[in-house]
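Novice: All the letters of the sequence shown, read from the start, carry residue numbers 87 to 137 under our numbering. Ideal Cβ placement from N, Cα and C applies to all residues, glycine included.
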Amino acid sequence: MGELYEFLKKAGVWFLATDDQGQPHVRPMSTQLIYQRKFYFQTGLKKKMAQ
Numbered sequence: 087m088g089e090l091y092e093f094l095k096k097a098g099v100w101f102l103a104t105d106d107q108g109q110p111h112v113r114p115m116s117t118q119l120i121y122q123r124k125f126y127f128q129t130g131l132k133k134k135m136a137q
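1. For the beta strand (DSSP E) holding K95, just list the boundary residues, first then last.
2. Report the residue from K134, Q118, Y126 whose alpha carbon sits nearest the alpha carbon of K95.
3. Bridge partners of T104, per DSSP?
4. In whole angstroms, give me the CA-to-CA distance for R113 and A103.
5. Please name the residue, chosen from K132, K134, M115, that lies closest to Y126 on a Cα-to-Cα basis.
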């Protein structure tokens, strides 16, 4: 997990790809946290990907 965190921290902005009924969506991300060996990232609650 430490390697993942350091890689993303060094990258600055990274991209998360999701699928919405067969349509790809790629979003830039920049905030991440590893807590108790679990990976978390931040998104706004109003965004569709938070649902």
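Specialist: The structure says:
1. Residue numbering aside, residue 95 sits at position 9 when the sequence shown is read from its first letter. Here K95 belongs to no beta strand (DSSP E); instead the alpha helix (DSSP H) covers 88-97.
2. Here residue 95 is taken as the residue at index 9 of the sequence shown, counted from 1. Nearest of K134, Q118, Y126 to K95, Cα basis: Q118.
3. The sequence position of residue 104 within the sequence shown is 18, counting from 1. Answer is H111.
4. Within the sequence shown, residue 113 is the residue found at index 27, counting from 1. Within the sequence shown, residue 103 is the residue found at index 17, counting from 1. Approximately 6 angstroms between the Cα atoms of the pair.
5. By one-based count along the sequence shown, residue 126 stands at place 40. Selected option, being the one with the closest Cα: M115.
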